[in-house]
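K.L.:
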Amino acid sequence: MTMMLLLAAFGCKKDAEDTAVGDDTSVNDTSLVDDTGEEACQVKPSEFAPEDEASEVYYRTEMSVAFTGAVSSATFELALADGTKPMMLEEQWGDPADRVTLLSGTPLEPDSDYALSVTVCGQTYVNTFSTSIYGKPLEVGPEELVERSYLIKLEDVKFVKPDNVATLIKTFLDMPILVNVQTVDGQDMTLVGAEGWIDSSGGVNQRKRRDSADVPTWDFEGVDFSQPPYFKADSPGIVLVYDGIDIPVYDFHLEGTFAADASSFGGGRLWGLADTRDTAPLLNESDPNHVCDLVASFGAECEPCPDGEVYCLFLQGEDITADEVEVVNTFERITLEE
Numbered sequence: 009m010t011m012m013l014l015l016a017a018f019g020c021k022k023d024a025e026d027t028a029v030g031d032d033t034s035v036n037d038t039s040l041v042d043d044t045g046e047e048a049c050q051v052k053p054s055e056f057a058p059e060d061e062a063s064e065v066y067y068r069t070e071m072s073v074a075f076t077g078a079v080s081s082a083t084f085e086l087a088l089a090d091g092t093k094p095m096m097l098e099e100q101w102g103d104p105a106d107r108v109t110l111l112s113g114t115p116l117e118p119d120s121d122y123a124l125s126v127t128v129c130g131q132t133y134v135n136t137f138s139t140s141i142y143g144k145p146l147e148v149g150p151e152e153l154v155e156r157s158y159l160i161k162l163e164d165v166k167f168v169k170p171d172n173v174a175t176l177i178k179t180f181l182d183m184p185i186l187v188n189v190q191t192v193d194g195q196d197m198t199l200v201g202a203e204g205w206i207d208s209s210g211g212v213n214q215r216k217r218r219d220s221a222d223v224p225t226w227d228f229e230g231v232d233f234s235q236p237p238y239f240k241a242d243s244p245g246i247v248l249v250y251d252g253i254d255i256p257v258y259d260f261h262l263e264g265t266f267a268a269d270a271s272s273f274g275g276g277r278l279w280g281l282a283d284t285r286d287t288a289p290l291l292n293e294s295d296p297n298h299v300c301d302l303v304a305s306f307g308a309e310c311e312p313c314p315d316g317e318v319y320c321l322f323l324q325g326e327d328i329t330a331d332e333v334e335v336v337n338t339f340e341r342i343t344l345e346e
């Protein structure tokens with residue numbers, strides 16, 4: 009079974025191909041010699057994020073530009089496509105200086121068209137994209153968020169960390185997660201998470217019992233709702249169960265932005281430390297180091313869990329959209345007696 013998972017997880021991996029923006033797609037020669045004998049700058053952008061003409065871009069997205077070679081000087085301008093509302097950008101360059109991350113001091117305007125201009129080597133390149141509806145002010149009162157439940161399908165989450173092992177992660181983490189709004193008080197919000205399950209009719213349920221024992225929910229502490237409709241929340245830890253195996257995830261973080269009508273939240277991100285020590289039986293193995301050894305062969309590394317044992321894998325997922333759902337068996341906060 010391990011070999012089959014390896015083939016599924018990594019069989020399609022291949023080297024990325026560089027593509028340059030513009031008519032000349034060659035990225036091998038980044039400089040030429042001019043008629044004075046000096047090197048003429050030929051560096052140009054090779055990759056934009058968001059991509060050119062991308063749509064449904066999240067208003068809090070991280071922008072970046074990759075170049076065909078190291079850059080000694082470049083300027084960047086971001087504004088609405090009609091030239092209005094220019095934005096200040098903070099530049100974070102990589103080493104070598106062939107990639108830059110661009111951070112805006114404030115979120116982008118939702119449901120708007122943008123143009124990012126890059127000037128390098130005397131040439132200007134323009135990348136256009138449009139943002140999604142997420143980020144528009146709430147059309148409902150904050151109190152109307154209370155008791156709403158949202159469904160995160162882990163199988164649909166784009167896992168970006170650790171690199172190259174997203175398929176393996178989804179082998180274990182394919183259950184749905186429910187997020188319920190318990191209270192909203194000004195800038196503060198209370199969220200509770202729970203494991204869900206889908207019945208044969210497609211109905212969404214909360215998993216409340218397993219093997220005659222209660223399944224506890226997860227409280228998020230100090231949920232920040234100071235920039236509505238955006239929220240960010242943290243939980244000391246959650247426990248996911250796959251095929252009878254507990255998978256604790258420590259320091260679990262969740263964030264996202266409610267749609268104006270509160271029918272979903274989008275732009276979601278999550279991360280946490282997943283404890284892999286008990287997952288080996290899922291691969292027909294017994295060594296608690298098995299998963300860590302497996303991911304190490306593809307460049308990922310386990311790190312210490314809260315107890316100091318090196319079995320934890322840092323996971324980060326992005327591009328989450330969670331629709332509001334009706335919980336068939338009614339959402340319930342469940343705590344275990346100490």
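Note that the sequence shown covers residues 9 to 346 in this note's numbering.
Heads up, the beta-carbon is just placed ideally off N, CA and C, and yes, glycines get one too.
Since this is a predicted model, take the numbers as computed values, not measurements.
1) How would you call Trp279, buried or exposed, if buried means at least 16 neighbouring beta carbons within 10 angstroms?
2) Would you call the segment 280-288 in contact with the segment 159-170, where contact means no fewer than 3 C-beta pairs closer than 8 Å?
3) Where does Ile255 fall in DSSP's three states?
4) Are Leu281 and Met183 close, meaning C-beta to C-beta below 8 Å?
5) Ends of the alpha helix (DSSP H) at Lys178?
6) Considering only their Cβ atoms, is the gap separating Phe84 from Asn188 smaller than 8 Å?
7) So, under 8 Å CB-CB, Asp197 and Phe239 are touching, yes? Tell me the CB distance rounded to an integer number of Å.
8) By alpha-carbon positions, which one of Tyr67, Pro236, Gly325 and Ser112 ends up nearest to Phe260?
9) Would you list the residues sitting across from Glu203 in a DSSP beta bridge?
10) When we look at the beta-carbon of Asn337 and count the other beta-carbons within 10 Å, is it buried (16 or more) or exposed?
11) Report the CB separation of Asp269 from Glu147 in whole angstroms; it is logged as a contact under 8 Å.
12) Can you name, in chain order, every residue of its own chain whose Cβ lies under 6 Å from the Cβ of Glu3, other than the five neighbours on each side?
13) Would you mind stating whether Thr127 and Ala82 have Cβ atoms separated by less than 8 Å?
14) Give me the Cα-Cα distance between Tyr122 and Asp207, rounded to the nearest whole angstrom.
15) What are the partner residues of Asn337, as DSSP defines its beta bridges?
16) Tell me, please, whether the segment 170-180 touches the segment 90-104 by the rule of three or more beta-carbon pairs shorter than 8 Å.
17) Taking DSSP's pairing of strands, which residues face Thr191 in a bridge?
18) Quick one: any contact between the segment 108-121 and the segment 60-69, if contact means 3 or more CB pairs under 8 Å?
19) If Cys320 sits next to Glu334, beta carbons under 8 Å apart, how far is it from one beta carbon to the other, in whole angstroms?
20) How many angstroms separate the CA atom of Asp219 from the CA atom of Glu203?
21) Secondary structure at Val51, three-state DSSP: helix, strand or coil?
22) Considering only residues of the segment 258-302, which uninterrupted beta strand (DSSP E) runs meet the minimum length of 3 residues and lie entirely inside it, listed in chain order?
23) Any heavy atom of the ligand PLP closer than 7 Å to the beta-carbon of Pro53?
24) My understanding is that Ile328 touches Gly245, with C-beta atoms under 8 Å, so please give their C-beta distance in whole angstroms.
25) Considering just the uninterrupted stretch of the beta strand (DSSP E) at Val65, what are its terminal residues?
26) Looking at the secondary structure, which residues open and close the beta strand (DSSP E) in which Ala241 lies?
27) Just verifying my parser: in three-state terms, what is the DSSP assignment at Leu97?
28) Give the DSSP-derived three-state secondary structure of Ala89 in the structure shown.
29) Would Ala241 and Val257 be called neighbours here (beta carbons separated by less than 8 Å)?
30) Where does the unbroken beta strand (DSSP E) through Asp227 begin, and where does it stop?
31) How many angstroms separate the CA atom of Leu111 from the CA atom of Asp164?
32) Who are the near neighbours of Ser234 in its chain, counting only those whose CB is closer than 6 Å to its CB and skipping five residues on each side?
33) Span of the beta strand (DSSP E) holding Ile160?
P.N.:
Judging by the given coordinates:
1) Here residue 279 refers to the residue found at position 271 when the sequence shown is read from its first residue. Classification of Trp279: buried, given that the 10 Å Cβ count is 16 or more.
2) No contact exists between the segment 280-288 and the segment 159-170.
3) Working through the sequence shown from its first residue, we reach residue 255 at position 247. The answer is strand: DSSP assigns Ile255 an E or B state.
4) As a first step, residue 281 is located in the sequence shown; it is residue number 273 there, counting from the start. As a first step, residue 183 is located in the sequence shown; it is residue number 175 there, counting from the start. No; because the gap between Cβ atoms is not below 8 Å, this pair is not in contact.
5) Within the sequence shown, the letter at position 170 stands for residue 178. Unbroken alpha helix (DSSP H) run through Lys178: Ala174 to Phe180.
6) Residue mapping note: residue 188 aligns to position 180 of the sequence shown, counting from 1. Residue mapping note: residue 84 aligns to position 76 of the sequence shown, counting from 1. Contact: no.
7) Residue numbering aside, residue 197 sits at position 189 when the sequence shown is read from its first letter. Residue numbering aside, residue 239 sits at position 231 when the sequence shown is read from its first letter. In the sequence as presented, Asp is not what sits at residue 197; that position holds Met. With 8 Å as the limit, Met197 and Phe239 qualify as a contact, their Cβ atoms being about 6 Å apart.
8) Here residue 260 corresponds to residue number 252 of the sequence shown, with the count starting at 1. Nearest C-alpha to Phe260: Gly325.
9) Here residue 203 is taken as the residue at index 195 of the sequence shown, counted from 1. Paired residue(s): Ile185.
10) In the sequence shown, residue 337 corresponds to position 329, counting from 1. By the neighbour-count rule (16 or more Cβ atoms within 10 Å), Asn337 is not buried but exposed.
11) Numbered from its first residue, the sequence shown carries residue 269 at position 261. Numbered from its first residue, the sequence shown carries residue 147 at position 139. Confirmed, Cβ separation roughly 5 Å.
12) A question about residue 3 goes unanswered here, because the residues of the chain that appear run from 9 up to 346.
13) Along the sequence shown, read from residue 1 onward, the residue named residue 127 stands at position 119. Along the sequence shown, read from residue 1 onward, the residue named residue 82 stands at position 74. A contact, by the Cβ cut-off of 8 Å.
14) Here residue 122 refers to the residue found at position 114 of the sequence shown. Here residue 207 refers to the residue found at position 199 of the sequence shown. Note on geometry: alpha-carbon atoms of Tyr122 and Asp207 lie some 43 Å from one another.
15) Taking the first residue of the sequence shown as position 1, residue 337 is located at position 329. According to DSSP, Asn337 bridges with nothing at all.
16) Taking 8 Å as the limit for Cβ pairs, the verdict is that the segment 90-104 does not touch the segment 170-180.
17) As a first step, residue 191 is located in the sequence shown; it is residue number 183 there, counting from the start. For Thr191, the pairing in a beta bridge is given by DSSP as Thr198.
18) Verdict: yes, contact present.
19) On the sequence shown, position 312 is the one that residue 320 refers to. On the sequence shown, position 326 is the one that residue 334 refers to. Actually they do not touch by this definition, with Cβ atoms about 35 Å apart.
20) Numbered from 1 along the sequence shown, position 211 holds the residue referred to as residue 219. Numbered from 1 along the sequence shown, position 195 holds the residue referred to as residue 203. Rounded to the nearest angstrom, the two C-alpha atoms are 15 Å apart.
21) Within the sequence shown, residue 51 is the residue found at index 43, counting from 1. Residue state, collapsed to three classes: coil.
22) Counting whole runs of 3 or more residues, the segment 258-302 contains the beta strand (DSSP E) stretches 272-283.
23) In terms of ligand content, the structure shown is empty, and the ligand PLP therefore cannot be addressed.
24) Here residue 328 refers to the residue found at position 320 of the sequence shown. Here residue 245 refers to the residue found at position 237 of the sequence shown. That belief does not hold up - the Cβ atoms of Ile328 and Gly245 are roughly 19 Å apart, past 8 Å.
25) The residue you call residue 65 lines up with position 57 of the sequence shown. Annotation for Val65: the continuous beta strand (DSSP E) segment containing it runs Ala62 to Val65.
26) Here residue 241 refers to the residue found at position 233 when the sequence shown is read from its first residue. That run of the beta strand (DSSP E) goes Tyr238 to Tyr250.
27) One-based indexing of the sequence shown puts residue 97 at position 89. Here Leu97 sits in strand by DSSP.
28) For the purposes of this step, residue 89 is taken as residue 81 along the sequence shown, with counting starting at 1. Per DSSP, reduced to three states, the secondary structure at Ala89 is coil, with no helix or strand assignment.
29) Counting from 1 along the sequence shown, the entry for residue 241 is found at position 233. Counting from 1 along the sequence shown, the entry for residue 257 is found at position 249. Taking 8 Å as the Cβ cut-off, Ala241 and Val257 do not qualify as a contacting pair.
30) Looking up residue 227 in the sequence shown gives position 219. First-last of the beta strand (DSSP E) with Asp227: Trp226 to Gln235.
31) In the sequence shown, counting from the first residue as 1, residue 111 sits at position 103. In the sequence shown, counting from the first residue as 1, residue 164 sits at position 156. Distance from the CA of Leu111 to the CA of Asp164, rounded to the nearest whole angstrom, comes to 27 Å.
32) Within the sequence shown, the letter at position 226 stands for residue 234. Once the five neighbours on either side are set aside, the close Cβ partners of Ser234 are Gln195.
33) The residue you call residue 160 lines up with position 152 of the sequence shown. Ser157 to Lys161 is the span of the beta strand (DSSP E), which, as asked, contains Ile160.
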